[in-house]
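Engineer: The structure follows.
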Amino acid sequence: MIRKPMIYALLLGTALGAMSLEASAQTLRFASQSDALTLDPHAQNEGPTITLAQQIHDPLIIRDDEMGIREGLAVSWETVEPTLWEFKLREGVKFHDGSDFTAEDAAFSLERARVPPSDYRNYISSISEVRVVDDYTLHIETSAPNPILPQQLTNIVMMSKAWAEEHGVEQAQNYAEGEENYAVRNAMGTGAFKLESRAPDERTVLVRNDDYWDADNIPMEVERVVFTPIASAATRVAALLSGELDLILYPPVQDLQRLEQSPDIQVKSTPENRTIFLGLNQGADDLDSDSVEGQNPLADKRVREAINLAIDVDAIQRVVMRGQSVPAGSIAPIYITGYQEEFDQRPDRDLDRARELLAEAGYEDGFSIDFACPNDRYNNDEAICQAVVGMLGQAGIEANLRAQTRSLHFQQLQNGELDFYMLGWGVPTFDSEYIFNFLYHTNDGERGSWNMTGFSNERMDELVQAMSGETDLDARDELIAEAWEIALDDLTYIPLHHEVLNWAMQANVDIPIRADNSPRFAHVTFD
Amino acid sequence: MLAFIVRRVLQSIIVMLVVALVSFSLFNFVGDPINNMVGQETTQQQREQLREELGLNDPFAVQFARFVGNAVQGNFGISYRLARPVDVVIAERLPATLELAFVSALFALVVGVATGVYTALNRSGIISRVIMTISLIGVSLPTFLIGILLIWVFAVQLQWLPSFGRGDVVDLGGWRTGFLTSSGLKALILPAITLGLFQLTLIMRLVRAEMLEVLRTDYIKFARARGLPDRAINFGHALKNTLVPVITITGLQLGSIIAFSIITETVFQWPGVGLLFINAIQFVDIPLMAAYLVLIALFFVVINLLVDLLYYAVDPRLRFDASTARGH
């Protein structure tokens, strides 16, 4: 008696579901954890914001799906002098309003991105001047030779100068001003999609730009994109399973197996451009948060080595991450210039050796220290830290876990209050210099702003400064290699793993997964 | 009566000031918004400059005074996360929450009173026992679990109802309503049940208990002895006399429905103020958090005031007492 209506219900349900799928064949319904903060492409250097901006706008140089670079709105670039780059721009590109894209727009956009309050001003701080030579030639002057300028420009998208002037948005959003800027909810670019409507946190609709300059080379099958941020991971997965969504980011690790088993769903994975590691304050004379009086155990390299040997990253990968991580031997993500496989080898866990090293350093009875972790920033961050606490305990180091929300964790880290902490680092330039510059250079207020370890090495500083100006790429590679040797020898950071990212989608939807976790909707194909 | 209202309004202002003060002092423990507002390349000096510009370095008292001073003029500042004026954002998102709260409260009240009366009148019936058992689930299961369960059954397995969002909305001069489209109405069902279920069981149990109490009283017995029809006794006399506590609870719960819609809104990605608040907490969006908490305090005091006034309408004894008290 109960069975029959249930069956009808199911039949009706599937019929309805099938109908709605049919009707929306060329619409991509996409959901991620959080929304873009703003549509202003220069106001926030932040993942979801970049993802949305890159659908509507194009950069001069495009980061392709394999994380290499290719021509975007620029067709060629070369250094005329060590500090002068010449960019030839693509002709015949039109903005969504029908106007032509010219060097004026490019110069305006670069200028907008490099001055306050743009959030990219530090990212492209090497640019000192941008000059328009003719309609399709641009000269970019840098304050010092900058070999990775093309890499950096992949994140700077082009706006229309006329549009910006018309709407009074010649500058990026300024928080301190206390006013809303037109560009926060409106956007107009040269990209593969035009903005149809935008309700922040609710729904953003994009429609295909049929006149896109690159339309012949990419699939362009998606006519409409409906982007809904869905904060709750369980709801995101449920909506994918029920057929209400076509593509989701951040499917929770514990649901992956079930999603993979479903015949209607496929999951794609790739190592992410981010590495998770532990930082150790080796610079202080004495630590506040440890049990050792009068000296700093972390300043002794043998202690850092012992910590490294005590942590079983393979077990973390297996148990905590359910296979969704790649154990790391250095803090360099695998995509970047200067990455070498031999650096990425981790020594096997060796508890006896760890205890020996501790004893040699004078800590045969171990010591205790506070261990700070975010609990809402990286995949399973708190669980990783709990595992680390147990492993260190076996070696005699009593780590007192202080897991807290990211806004507190990073505040304390920036204030230099943490002696032993977790951090993840992504490399938007895909180049080692970005790591050395922020994490290994002496923290002098200018460079080394995320080096909270107190590590300071004269040779390292020399190398960092040299590599940022070295235009001979072979010579530069040597500088980078030498810097990595110093870094690895010092064990400034204890590497844990490279994160793995997953995208889940309907079986009839296909999109190349990108290590920067930023899908390009124009590359989607439907079966 | 007028004096009563004036007194209550003054009390309300004090309550809201206290709420603002408490919430402001709590913001110190939420962390630093700056890290969320700038890219990782930003230097210490630039961070410090932004902190200075936003007035985050000022002493607590100065920050609080500035907030109150601006709020009195209707200026709640600009959201750190959305880069838009806080009052505009809240006004945009409030209709979603109010519509959801209204439907939930209506659902809870209608079904709650009906089942409450039914279970009181048919105490030992099988259906009553089933209802009472089910109501235990409503009281004891946490909201997010109920939401996920409903999504699993009705969205994933049966695919009858949407699992997230508000469906299509119609803009009526700034008030975006989901009542006028079929997808909007369908989207309301699951969140409304999730949000209203706890209130429903509460009202039902309350009505049932009050009814049982009243049905034992002498005047009901006399009414029966006079041969009045059951319907007149049950609804005209018994139910009416149970209404005072029910109104109190329902009224107070309406405030809770609005305030606790946070969880339901998060589970269903319902674009109301609750979801806005959760996002604000994660981002340490201080202007938005402050405005939201003051708004919720306002809801509570207004609802309390209305409930007190409703007593006068429902319970003639209060009117009588008040007038005699003034006479002497």
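First to last, the sequence lines map onto chains A and B.
To convert, take the position in the first sequence, counting from 1, and add 23; that gives this note's numbering.
To convert, take the position in the second sequence, counting from 1, and add 52; that gives this note's numbering.
All C-beta atoms in this analysis are idealised placements derived from N, C-alpha and C, irrespective of residue type, glycine included.
1) Within a Cβ cutoff of 7 Å, which residues of the same chain sit near A:Asp-58, ignoring the five residues on either side of it in sequence?
2) Given that A:Ala-257 touches chain B, what residues does it touch there, using C-beta distances under 7 Å?
3) Kindly give me the distance between the Cβ atoms of B:Phe-335 and B:Pro-137, rounded to whole angstroms, as I take these residues to be in contact under 8 Å.
4) Which runs of the alpha helix (DSSP H) fall wholly inside the segment 450 to 490 of chain A and span at least 4 residues, in chain order?
5) When you compare the segment 138 to 147 of chain A with the segment 168 to 179 of chain A, are there three or more beta-carbon pairs, one atom per stretch, that lie closer than 8 Å?
6) With a cut-off of 8 Å on the beta carbons, I'd call A:Pro-236 and A:Arg-113 a contact; round off their distance for me.
7) Using 7 Å as the limit for Cβ to Cβ distance, is B:Phe-216 near chain A?
8) Would you say B:Ile-241 faces chain A, with C-beta separation under 7 Å as the test?
9) For A:Arg-341, count neighbouring Cβ atoms within 10 angstroms of its own Cβ and tell me buried if that reaches 16, exposed if not.
10) Kindly indicate which residue of A:Ala-527, A:Trp-448 and A:Thr-428 has the alpha-carbon position closest to the one of B:Gly-83.
11) If A:Leu-381 sits next to A:Gly-413, beta carbons under 8 Å apart, how far is it from one beta carbon to the other, in whole angstroms?
12) Listing by chain order, which chain A residues have their CB less than 8 Å from the CB of B:Asp-84?
13) Round the Cβ separation of B:Ala-160 and B:Ile-255 to the nearest angstrom and send it over; I've been treating them as touching at under 8 Å.
14) Determine whether the beta carbon atoms of A:Glu-109 and A:Val-103 lie at a separation below 7 Å.
15) Say whether the segment 503 to 510 of chain A touches the segment 279 to 293 of chain A, bearing in mind that this needs 3 or more beta-carbon pairs closer than 8 Å, one atom from each stretch.
16) Short of 9 Å Cβ to Cβ, which residues in the segment 323 to 337 of chain B face chain A?
17) Which residues in the same chain have their Cβ closer than 6 Å to the Cβ of A:Glu-421, if we skip the five residues on either side of it in sequence?
18) For B:Asn-87, which residues in chain A fall below 7 Å Cβ to Cβ?
19) Can you tell me the Cα-Cα spacing of B:Val-325 and A:Arg-369, whole angstroms?
20) How would you call B:Gly-288, buried or exposed, if buried means at least 16 neighbouring beta carbons within 10 angstroms?
21) Can you tell me the Cα-Cα spacing of A:Met-90 and A:Thr-293, whole angstroms?
22) What are the uninterrupted segments assigned as beta strand (DSSP E) that are 3 or more residues long and contained completely in the segment 229 to 304 of chain A, given in chain order?
23) Would A:Gln-529 pass as a contact of A:Asp-278 if the rule is Cβ separation under 7 Å?
24) Verify the CB distance criterion: does B:Arg-136 have a CB-CB separation below 7 Å to chain A?
25) Whole angstroms is fine: what's the gap from A:Pro-320's alpha carbon to B:Asn-127's?
26) In or out: A:Asn-240 buried (at least 16 other Cβ within 10 Å) or exposed?
27) According to DSSP, which residues form a beta bridge with A:Met-528?
28) Please tell me whether A:Leu-172 and A:Ala-129 are closer than 7 Å, where the distance is taken between their beta carbons.
29) Contact defined as beta carbons within less than 8 Å: I believe A:Arg-231 pairs with A:Val-245. What is the distance between those atoms, to the nearest angstrom?
30) Taking any Cβ of chain B, which residues in the segment 234 to 263 of chain A have a Cβ under 7 Å from it, in chain order?
31) Which of the residues in the segment 229 to 256 of chain B, read from start to end, lie with their CB under 8 Å from any CB of chain A?
32) Using a C-beta cutoff of 7 Å, does A:Ser-47 count as contacting chain B?
33) Quick one: measure Cβ to Cβ for A:Val-532 and A:Val-547, integer angstroms, because I've assumed they're closer than 8 Å.
34) Look up A:Pro-397 in the DSSP assignment and say whether it is helix, strand or coil.
35) Can you give me the C-alpha to C-alpha distance between B:Val-30 and B:Gln-98, rounded to a whole angstrom?
36) What separation, rounded to the nearest whole angstrom, lies between the Cα atoms of A:Ala-552 and A:Phe-478?
Structural biologist: According to the structure data:
1) In the first sequence, the residue the question calls residue 58 of chain A occupies position 35. Excluding positions up to five away in sequence, the list reads Pro-71, Pro-223, Asp-224 and Pro-252.
2) Within the first sequence, residue 257 of chain A is the residue found at index 234, counting from 1. Those within 7 Å of A:Ala-257 in chain B are Ile-200.
3) Here residue 335 of chain B refers to the residue found at position 283 when the second sequence is read from its first residue. Here residue 137 of chain B refers to the residue found at position 85 when the second sequence is read from its first residue. That pair is no contact at about 16 Å.
4) You should have 455 to 458.
5) Flag = yes, the segment 138 to 147 of chain A and the segment 168 to 179 of chain A touch.
6) Counting from 1 along the first sequence, the entry for residue 236 of chain A is found at position 213. Counting from 1 along the first sequence, the entry for residue 113 of chain A is found at position 90. Here the sequence assigns Trp to residue 236 of chain A, which means Pro is not the residue at that position. About 7 Å; that satisfies the 8 Å criterion.
7) Residue numbering aside, residue 216 of chain B sits at position 164 when the second sequence is read from its first letter. Yes, contact with chain A.
8) Within the second sequence, the letter at position 189 stands for residue 241 of chain B. B:Ile-241 does not count as touching chain A.
9) Within the first sequence, the letter at position 318 stands for residue 341 of chain A. Exposed, because fewer than 16 other Cβ atoms sit within 10 Å of the Cβ of A:Arg-341.
10) Counting from one through the second sequence, the residue named residue 83 of chain B turns up at place 31. Closest by alpha carbon: A:Thr-428.
11) One-based indexing of the first sequence puts residue 381 of chain A at position 358. One-based indexing of the first sequence puts residue 413 of chain A at position 390. At roughly 17 Å, the Cβ-Cβ gap does not stay under 8 Å, so A:Leu-381 and A:Gly-413 are not in contact.
12) Locating residue 84 of chain B in the second sequence gives position 32, where the first residue counts as 1. Chain A residues near B:Asp-84: Ser-430, Leu-431, Phe-433, Gln-434 and Gln-437.
13) Counting from one through the second sequence, the residue named residue 160 of chain B turns up at place 108. Counting from one through the second sequence, the residue named residue 255 of chain B turns up at place 203. Contact annotation, B:Ala-160 with B:Ile-255: C-beta distance approximately 6 Å; criterion of less than 8 Å satisfied.
14) Your numbering for residue 109 of chain A matches position 86 in the first sequence. Your numbering for residue 103 of chain A matches position 80 in the first sequence. Result yes, Cβ atoms of A:Glu-109 and A:Val-103 sit closer than 7 Å.
15) As far as the Cβ criterion goes, the segment 503 to 510 of chain A does not touch the segment 279 to 293 of chain A, which means the pair count is below three.
16) Within the segment 323 to 337 of chain B, the residues whose Cβ lies closer than 9 Å to some Cβ of chain A are Pro-323, Leu-327, Leu-328, Ile-330, Asn-331, Ile-333, Gln-334, Phe-335 and Val-336, listed in chain order.
17) Here residue 421 of chain A corresponds to residue number 398 of the first sequence, with the count starting at 1. If we look at A:Glu-421 and ignore the five residues flanking it on each side, its Cβ neighbours are Ser-391.
18) Your numbering for residue 87 of chain B matches position 35 in the second sequence. By Cβ distance, chain A contributes Ser-430, Phe-433, Gln-434 and Gln-437.
19) Translated into the one-based positions of the second sequence, residue 325 of chain B becomes position 273. Translated into the one-based positions of the first sequence, residue 369 of chain A becomes position 346. Note on geometry: alpha-carbon atoms of B:Val-325 and A:Arg-369 lie some 48 Å from one another.
20) Translated into the one-based positions of the second sequence, residue 288 of chain B becomes position 236. Exposed, by the Cβ-count rule.
21) If you number the first sequence from 1, residue 90 of chain A lands on position 67. If you number the first sequence from 1, residue 293 of chain A lands on position 270. When rounded, the distance between both Cα atoms is 12 Å.
22) 247 to 252, 270 to 272 and 288 to 303, all fully within the segment 229 to 304 of chain A.
23) Taking the first sequence and counting its residues from 1, one reaches residue 529 of chain A at position 506. Taking the first sequence and counting its residues from 1, one reaches residue 278 of chain A at position 255. At the C-beta level, A:Gln-529 and A:Asp-278 stay beyond 7 Å of one another.
24) Residue 136 of chain B sits at position 84 when you count from the first residue of the second sequence. Chain A contact via Cβ: present.
25) In the first sequence, residue 320 of chain A corresponds to position 297, counting from 1. In the second sequence, residue 127 of chain B corresponds to position 75, counting from 1. Each residue's Cα considered, the two are about 52 Å apart.
26) In the first sequence, the residue the question calls residue 240 of chain A occupies position 217. An exposed status is given to A:Asn-240, since fewer than 16 other beta-carbon atoms sit within 10 Å of its beta-carbon.
27) Taking the first sequence and counting its residues from 1, one reaches residue 528 of chain A at position 505. For A:Met-528, DSSP records a beta bridge to A:Leu-270 and A:Gln-289.
28) Stepping through the first sequence from its first residue, residue 172 of chain A is reached at position 149. Stepping through the first sequence from its first residue, residue 129 of chain A is reached at position 106. Taking C-beta atoms as the reference points, A:Leu-172 and A:Ala-129 fail to come closer than 7 Å.
29) Here residue 231 of chain A refers to the residue found at position 208 when the first sequence is read from its first residue. Here residue 245 of chain A refers to the residue found at position 222 when the first sequence is read from its first residue. 6 Å between Cβ atoms; contact.
30) For the segment 234 to 263 of chain A, residues whose beta-carbon sits nearer than 7 Å to a beta-carbon of chain B comprise Thr-251, Ile-253, Ala-254, Ser-255, Ala-257, Thr-258, Ala-261 and Ala-262.
31) Cβ contacts with chain A: none found.
32) Locating residue 47 of chain A in the first sequence gives position 24, counting from the first residue. Low confidence applies here, because A:Ser-47 scores a pLDDT of 46, under 50, leaving its location unreliable; read the following figure in that light. So no, A:Ser-47 is outside the interface.
33) Along the first sequence, one-based indexing puts residue 532 of chain A at 509. Along the first sequence, one-based indexing puts residue 547 of chain A at 524. That pair is a contact at about 6 Å.
34) Taking the first residue of the first sequence as 1, we reach residue 397 of chain A at position 374. If DSSP states are grouped into helix, strand and coil, A:Pro-397 belongs with the strands.
35) Summary: the structure shown does not reach residue 30 of chain B, with chain B confined to residues 53 through 380, and so no result is reported for it.
36) For residue 552 of chain A there is no data in the structure shown, the boundaries of chain A being 24 and 550.
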